[in-house]
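Under the numbering used here, the sequence shown is numbered contiguously, ending at residue 303.
First the structure, in the form of structure tokens, and then the observations on it.
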Amino acid sequence: MVNVLAIPVFTGRKIPQERFAGATNTLTCEAMMRDGKALQMGTSHELGQNFARAFDIGFQDENGERQLCWTTSWGVSTRMMGGLIMAHGDDAGLRVPPRVAAVQAVVLVVKDEDGSVTQVARDLLDGLTQAGVRARIDAQVATGFGRRATDWELKGVPLRIEVGPRDLGEGRVVIARRDTGEKVPCELGDLSRRAASMLEEIQVGMLEQALADRSARTVDVVTLGEAREAASTGFARIPWAALADGGIEQLGKDAITVRCLQSADGGLPQSDDEPGAMALVARSY
Numbered sequence: 019m020v021n022v023l024a025i026p027v028f029t030g031r032k033i034p035q036e037r038f039a040g041a042t043n044t045l046t047c048e049a050m051m052r053d054g055k056a057l058q059m060g061t062s063h064e065l066g067q068n069f070a071r072a073f074d075i076g077f078q079d080e081n082g083e084r085q086l087c088w089t090t091s092w093g094v095s096t097r098m099m100g101g102l103i104m105a106h107g108d109d110a111g112l113r114v115p116p117r118v119a120a121v122q123a124v125v126l127v128v129k130d131e132d133g134s135v136t137q138v139a140r141d142l143l144d145g146l147t148q149a150g151v152r153a154r155i156d157a158q159v160a161t162g163f164g165r166r167a168t169d170w171e172l173k174g175v176p177l178r179i180e181v182g183p184r185d186l187g188e189g190r191v192v193i194a195r196r197d198t199g200e201k202v203p204c205e206l207g208d209l210s211r212r213a214a215s216m217l218e219e220i221q222v223g224m225l226e227q228a229l230a231d232r233s234a235r236t237v238d239v240v241t242l243g244e245a246r247e248a249a250s251t252g253f254a255r256i257p258w259a260a261l262a263d264g265g266i267e268q269l270g271k272d273a274i275t276v277r278c279l280q281s282a283d284g285g286l287p288q289s290d291d292e293p294g295a296m297a298l299v300a301r302s303y
């Protein structure tokens with residue numbers, strides 16, 4: 019999630035009310051979307067012997083005696099793709115981190131009257147591919163350049179390499195970054211190196227942006243009122259003890275739930291009643 023999707027997550031322990039039905043313990047990864055809501059990105063469930071007992075799943079131990087299995091359930095789902103869209107997308111469409119992008123760069127022919135620009139674009143495409151960049155060419159010059167550029171922006175392709183006759187006359191192309199919108203000129207002979215370098219910059223930058231945004235909208239609070247206010251724009255960490263005597267239900271009236279429990283230092287608590295445990299609360303999808 020972090021290294022490939024560039025989505026930072028909080029890890030923690032689900033409270034009993036939020037556990038997978040039949041599980042004795044559930045651990046979770048919780049991500050913040052761009053609107054401040056939480057999305058559960060993945061879980062692991064310790065099922066004890068409950069399901070083994072229900073479905074008669076057993077094994078023979080070293081003494082030849084039959085025992086019930088201890089089982090677990092781990093996984094993520096297609097909601098991770100929804101999380102990628104909601105965590106990184108903007109008003110112009112998708113923004114796909116390079117490590118997960120099917121197309122990392124598109125070589126976009128601006129216009130071509132005699133086929134020479136397209137031939138150069140194909141040569142550039144070959145160089146990018148040899149450098150390990152997942153790239154493709156768009157030479158559909160019958161469709162306006164602006165329309166095609168917007169379409170690729172909407173699809174979230176990290177780099178758009180614009181190849182036009184004017185720039186080629188100066189021995190260069192223009193690289194447009196999807197993450198920042200920045201356009202930079204690039205010498206033809208340096209394209210493959212610059213593109214590979216930029217893709218890594220984009221990957222790192224998207225994670226850093228997501229981390230900074232999450233940090234700015236995650237606050238430690240001590241009262242239910244403060245938790246409600248914080249959850250209107252992001253996450254709140256409140257002492258687990260402060261939610262005793264109906265605190266969970268009171269927050270629930272405002273569609274705020276306990277996403278997970280964490281130790282005071284942000285680690286995984288050993289139990290639901292660990293001293294000093296903090297509850298991460300937020301509105302969620």
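Cβ atoms here follow ideal geometry from the backbone N, Cα and C, with glycine treated the same way.
As the structure is a computational prediction, the values presented were derived from the model and not from experiment.
> Do three or more CB pairs link the segment 226-233 to the segment 158-167 at distances below 8 Å?
Replying inline: Result no; under three Cβ-Cβ pairs closer than 8 Å.
> Is P183 helix, strand or coil by DSSP?
Replying inline: In the displayed model, P183 falls within a helix according to three-state DSSP.
> Would T42 pass as a contact of T61 if the rule is Cβ separation under 7 Å?
Replying inline: Result no, Cβ atoms of T42 and T61 do not sit closer than 7 Å.
> Which first and last residues belong to the alpha helix (DSSP H) in which F69 is found?
Replying inline: Residues 68-73.
>> Once DSSP output is grouped into helix, strand and coil, what is the label at I266?
In response: Here I266 sits in helix by DSSP.
> Around the Cβ of S233, are there at least 16 other Cβ atoms within 10 angstroms (buried) or fewer (exposed)?
Replying inline: Exposed is the call here.
> Would DSSP call T147 helix, strand or coil?
Replying inline: Helix at T147.
>> Please state whether the Cβ-Cβ distance between L142 and V125 is less than 7 Å.
In response: Inclusion of L142 and V125 in the CB contact set at 7 Å is warranted, their separation being smaller than that value.
> Do you know whose CA, among L112, V159, G187, lies nearest V127's CA?
Replying inline: Measuring from the Cα of V127, the nearest candidate turns out to be V159.
> Taking just the CA atoms, how far does D208 sit from R52?
Replying inline: Answer to the nearest angstrom: the Cα atoms are 35 Å apart.
>> Quick check for students: name the residue ranges of the alpha helix (DSSP H) that lie wholly in the segment 279-303, counting only runs of 4 or more.
In response: Those alpha helix (DSSP H) runs which fall completely within the segment 279-303 and span 4+ residues do not exist here.
>> I want to know whether the segment 73-89 touches the segment 28-42 - three or more CB-CB distances under 8 Å.
In response: In the pairwise beta carbon analysis, the segment 73-89 is classified as not touching the segment 28-42: fewer than three pairs are separated by under 8 Å.
>> Please identify the residue among L65, F77, I220, V191 whose C-alpha is closest to the C-alpha of L199.
In response: This sequence places Gly at residue 199; Leu is not what is there. Here the closest residue by C-alpha is I220.
>> Between R235 and G252, how many whole angstroms is the CB-CB distance? I'm expecting something under 8 Å.
In response: With 8 Å as the limit, R235 and G252 qualify as a contact, their Cβ atoms being about 3 Å apart.
>> According to DSSP, D132 sits in a beta bridge with which residue or residues?
In response: Answer is none; D132 lacks a bridge partner.
> Alpha carbon to alpha carbon, how far is T29 from S281?
Replying inline: Straight across, the Cα-Cα distance linking T29 with S281 is about 10 Å.
> Is the beta carbon of G101 within less than 6 Å of some heavy atom of the ligand MN?
Replying inline: Inclusion of the ligand MN in the displayed structure is not the case, the ligand content being empty and no account of it being possible.
> Should A149 go down as buried or exposed, given a rule of 16 or more other Cβ atoms within 10 Å for buried?
Replying inline: Around the CB of A149, fewer than 16 other CB atoms lie within 10 Å, so the residue is classed as exposed.
> Quick one: Cα of K32 to Cα of A49, how far?
Replying inline: In this structure, the alpha-carbon of K32 lies about 14 Å from that of A49.
> Do the CB positions of D272 and R246 come within less than 7 Å of each other?
Replying inline: Contact: yes.
>> Quick check on DSSP: helix, strand or coil for V118?
In response: The three-state secondary structure of V118, taken from DSSP, is coil.
> What is the DSSP secondary structure of Q158, reduced to helix, strand or coil?
Replying inline: Judged by DSSP in its simplified three-state form, Q158 adopts coil rather than helix or strand.
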